[in-house]
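Asks:
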Amino acid sequence: MFKYLVPTLVIPLIFLGAGCTEVAPDVVDEIQEEVVVVSLELVDGAYALNTEEASVEWSASKKVGAEHFGTINVTTGEVVVEGGVVTGGAVVIDMSTIVSLDLPEDSRGGLQEHLMSADFFNVEAFPVASFTITGGSVLEGIEDANYRLDGSMTIKGESVEMSVPVMLEVEEGEISLAGEMEIDRTKFGITYGSGSFFDNLGDAVINDVFGLTLALEFESGETENLLGEIIEEVTEGDEGEEGEEKGEDDHGEEAEEDME
Numbered sequence: 023m024f025k026y027l028v029p030t031l032v033i034p035l036i037f038l039g040a041g042c043t044e045v046a047p048d049v050v051d052e053i054q055e056e057v058v059v060v061s062l063e064l065v066d067g068a069y070a071l072n073t074e075e076a077s078v079e080w081s082a083s084k085k086v087g088a089e090h091f092g093t094i095n096v097t098t099g100e101v102v103v104e105g106g107v108v109t110g111g112a113v114v115i116d117m118s119t120i121v122s123l124d125l126p127e128d129s130r131g132g133l134q135e136h137l138m139s140a141d142f143f144n145v146e147a148f149p150v151a152s153f154t155i156t157g158g159s160v161l162e163g164i165e166d167a168n169y170r171l172d173g174s175m176t177i178k179g180e181s182v183e184m185s186v187p188v189m190l191e192v193e194e195g196e197i198s199l200a201g202e203m204e205i206d207r208t209k210f211g212i213t214y215g216s217g218s219f220f221d222n223l224g225d226a227v228i229n230d231v232f233g234l235t236l237a238l239e240f241e242s243g244e245t246e247n248l249l250g251e252i253i254e255e256v257t258e259g260d261e262g263e264e265g266e267e268k269g270e271d272d273h274g275e276e277a278e279e280d281m282e
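Residue numbers (the working numbering): 23 to 282.
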């Protein structure tokens with residue numbers, strides 16, 4: 023449950039003495055704040071992700087020049103509510119569905135393949151990523167966010183704790199979440215083209231932080247009891263030694279070519 027404090031302006035009526043010989047008393051405008059509490063109940067239960075309505079957009083950029091953006095698909099997810107608060111859940115992302123929308127369709131293949139290669143997300147070895155929710159709490163005073171989700175992001179088998187501010191809404195048994203995540207790829211071992219690790223890249227430096235913009239809807243009802251399966255799935259994977267070595271050796275040349 024969360025609350026909005028809505029200020030209300032109250033202006034008293036001004037009475038004028040009509041047809042009176044006495045001087046009307048001074049009128050002082052008064053401003054009074056009235057607290058209006060709008061409650062939004064989170065009903066206990068498990069809520070399954072509506073994958074048809076789910077939207078995840080990504081964005082990334084070089085230090086100089088290129089900026090890229092696109093979409094990526096969510097395959098499954100759930101949110102668990104206990105005691106009126108979010109206590110758990112997970113969202114699974116199919117890393118093989120990375121699409122670049124800023125480039126023409128006939129020229130985006132090179133960038134997409136490079137992002138899915140061992141230089142970046144190594145999708146062959148780690149086909150999914152996930153955000154596992156461990157708890158939630160009400161936020162106040164944050165623009166475009168009224169709830170905070172705590173949890174861990176798992177990419178390439180590495181998990182990093184993080185909190186995500188979201189706008190949470192409940193309507194007719196559905197929970198919707200909208201928010202933005204800023205993710206430092208180097209915390210997941212993705213150092214290709216990073217100026218934090220290599221000094222010889224020049225204008226080929228790729229910024230460490232990339233963004234995900236989420237718009238997700240969850241429906242009450244049967245869920246797949248995902249949590250255990252997700253944790254096992256996203257932490258497993260072949261390290262792809264040959265690909266990893268290539269990613270470590272070629273710091274920036276391909277990055278400069280693909281991110282122009």
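Note that CB positions come from ideal geometry on N, CA and C, so glycine has one too. Only a predicted model underlies this, so the values are computations on that prediction, with no experimental measurement involved.
Could you work out which residue in GLY211, SER218, THR213, VAL188 is closest to ALA237 when comparing CA atoms only?
Replies: For the purposes of this step, residue 237 is taken as the residue at position 215 of the sequence shown. That would be VAL188, whose Cα lies nearest to the Cα of ALA237.
Asks: Using C-beta distances below 8 Å, list every residue in its chain close to LYS85, excluding the 5 sequence neighbours before and after it, in chain order.
Replies: For the purposes of this step, residue 85 is taken as the residue at position 63 of the sequence shown. For LYS85, where only same-chain residues beyond five positions count, the Cβ hits under 8 Å are GLY217, ASP225, VAL227, ILE228, ASN229.
Asks: Is the distance from the Cβ of VAL96 to the Cβ of VAL78 below 7 Å?
Replies: Counting from 1 along the sequence shown, the entry for residue 96 is found at position 74. Counting from 1 along the sequence shown, the entry for residue 78 is found at position 56. For VAL96 and VAL78, yes; Cβs fall inside 7 Å.
Asks: Would you mind working out which of LYS178, MET184, ILE115, ALA88 sits nearest PHE148, comparing C-alpha positions?
Replies: Position 126 of the sequence shown, counted from the start, is the residue given in the question as residue 148. Checked all of LYS178, MET184, ILE115, ALA88; the closest Cα to PHE148 is LYS178.
Asks: Using only alpha-carbon positions, find the residue among LEU64, THR176, ILE155, TYR69 that is nearest to ASP116.
Replies: Position 94 of the sequence shown holds residue 116. Closest by alpha carbon: THR176.
Asks: Assuming SER185 contacts ASP172 under a Cβ cut-off of 8 Å, what Cβ separation, rounded to an integer in Å, is found between them?
Replies: Position 163 of the sequence shown, counted from the start, is the residue given in the question as residue 185. Position 150 of the sequence shown, counted from the start, is the residue given in the question as residue 172. Indeed, because the Cβ distance is near 5 Å, the residues count as touching under 8 Å.
Asks: Whole angstroms are fine: how far does the CA of PRO126 sit from the CA of TYR214?
Replies: Counting from one through the sequence shown, the residue named residue 214 turns up at place 192. Counting from one through the sequence shown, the residue named residue 126 turns up at place 104. Roughly 24 Å between the two C-alpha positions.
Asks: Tell me whether VAL114 is buried or exposed, calling it buried when 16 or more other Cβ atoms sit within 10 Å of its Cβ.
Replies: Within the sequence shown, residue 114 is the residue found at index 92, counting from 1. By the neighbour-count rule (16 or more Cβ atoms within 10 Å), VAL114 is buried.
Asks: By a C-beta neighbour count over all protein chains shown, 10 Å radius and 16 as the cutoff for buried, is VAL145 buried or exposed?
Replies: As a first step, residue 145 must be located in the sequence shown, where it is residue number 123. Buried: at least 16 other Cβ atoms inside 10 Å.
Asks: Are ALA88 and THR154 closer than 7 Å when you measure CB to CB?
Replies: Taking the sequence shown and counting its residues from 1, the one referred to as residue 88 is at position 66. Taking the sequence shown and counting its residues from 1, the one referred to as residue 154 is at position 132. Against a cut-off of 7 Å, the Cβ pair of THR154 and ALA88 comes out as no contact.
Asks: Quick one: is the Cβ of ILE120 within less than 6 Å of any heavy atom of the ligand GTP?
Replies: With respect to the ligand GTP, the structure offers nothing, as it holds no ligand at all.
Asks: Helix, strand or coil, according to DSSP, for GLU196 in the structure here?
Replies: Indexing the sequence shown from 1 puts residue 196 at position 174. It is a strand residue.
Asks: Along the beta strand (DSSP E) that carries GLY110, what are the first and last residues, could you check?
Replies: As a position in the sequence shown, residue 110 is number 88, starting the count at 1. Segment 107–122, the beta strand (DSSP E) holding GLY110.
Asks: Measuring straight from C-alpha to C-alpha, what distance separates PHE140 and GLU63?
Replies: As a first step, residue 140 is located in the sequence shown; it is residue number 118 there, counting from the start. As a first step, residue 63 is located in the sequence shown; it is residue number 41 there, counting from the start. The residue you asked about is not Phe; residue 140 is Ala in the sequence shown. Each residue's alpha carbon lies about 45 Å from the other.
Asks: Quick test of your reading: LEU133 and SER118, contact by CB under 8 Å. State the CB separation rounded to the nearest angstrom.
Replies: The sequence position of residue 133 within the sequence shown is 111, counting from 1. The sequence position of residue 118 within the sequence shown is 96, counting from 1. Incorrect: roughly 15 Å between the Cβ atoms, too far for contact.
Asks: Helix, strand or coil: how does DSSP classify ASP128 here?
Replies: Looking up residue 128 in the sequence shown gives position 106. Correct three-state label for ASP128: helix.
Asks: Going by C-alpha to C-alpha distance, which of GLY158, THR235, ASN168, SER83 sits closest to LEU104?
Replies: Position 82 of the sequence shown, counting from 1, holds the residue named residue 104. Inspection of the sequence shows that residue 104 is occupied by Glu rather than by Leu. When only C-alpha atoms are compared, the closest one is GLY158.
Asks: Relative to the C-alpha of MET138, which residue among GLY110, ILE212, TYR69, ILE197 is closest?
Replies: Indexing the sequence shown from 1 puts residue 138 at position 116. MET138 has its Cα closest to that of ILE212, out of GLY110, ILE212, TYR69, ILE197.
Asks: Would you mind reading off the limits of the beta strand (DSSP E) that contains ASP172?
Replies: By 1-based counting over the sequence shown, the position of residue 172 is 150. Note, ASP172: beta strand (DSSP E), 169–177.
Asks: Ignore the nearest five residues each way along the sequence and tell me which others in GLY67's own chain have a CB closer than 7 Å to its CB.
Replies: Within the sequence shown, the letter at position 45 stands for residue 67. Counting only Cβ-Cβ distances below 7 Å, and skipping sequence neighbours, we find VAL103, SER242.
Asks: Could you tell me the distance, in whole angstroms, from the CA atom of VAL107 to the CA atom of ILE197?
Replies: As a position in the sequence shown, residue 107 is number 85, starting the count at 1. As a position in the sequence shown, residue 197 is number 175, starting the count at 1. Going by the C-alpha atoms only, they are around 12 Å apart.
Asks: Quick check: the Cα distance between VAL150 and SER181, rounded to an integer number of angstroms?
Replies: By 1-based counting over the sequence shown, the position of residue 150 is 128. By 1-based counting over the sequence shown, the position of residue 181 is 159. Using only the alpha carbons, I get a separation of about 13 Å.
Asks: Quick check on this structure: which residue in PHE219, GLU204, PHE240 has the alpha carbon closest to the alpha carbon of GLY233?
Replies: As a first step, residue 233 must be located in the sequence shown, where it is residue number 211. When each option's Cα is compared against that of GLY233, the closest is GLU204.
Asks: On the CB-based measure, 16 or more other CB atoms within 10 Å of its CB, does PHE210 come out buried or exposed?
Replies: Numbered from 1 along the sequence shown, position 188 holds the residue referred to as residue 210. PHE210 is buried by the Cβ-count criterion.
Asks: If you reduce the DSSP assignment to three classes, tell me which class LYS84 lands in.
Replies: Along the sequence shown, one-based indexing puts residue 84 at 62. Note: LYS84 maps to strand in three-state DSSP.
Asks: According to DSSP, what are the bridge partners of GLY99?
Replies: Residue 99 sits at position 77 when you count from the first residue of the sequence shown. DSSP, once it has assigned bridges, lists VAL113 as partnering GLY99.
Asks: Counting C-beta neighbours from all protein chains within 10 Å, is the total for ILE131 16 or more, i.e. buried, or is it exposed?
Replies: For this step, residue 131 is matched to residue 109 along the sequence shown. Ile is not the amino acid found at residue 131; the sequence shown has Gly there. Per the 10 Å Cβ criterion, exposed.
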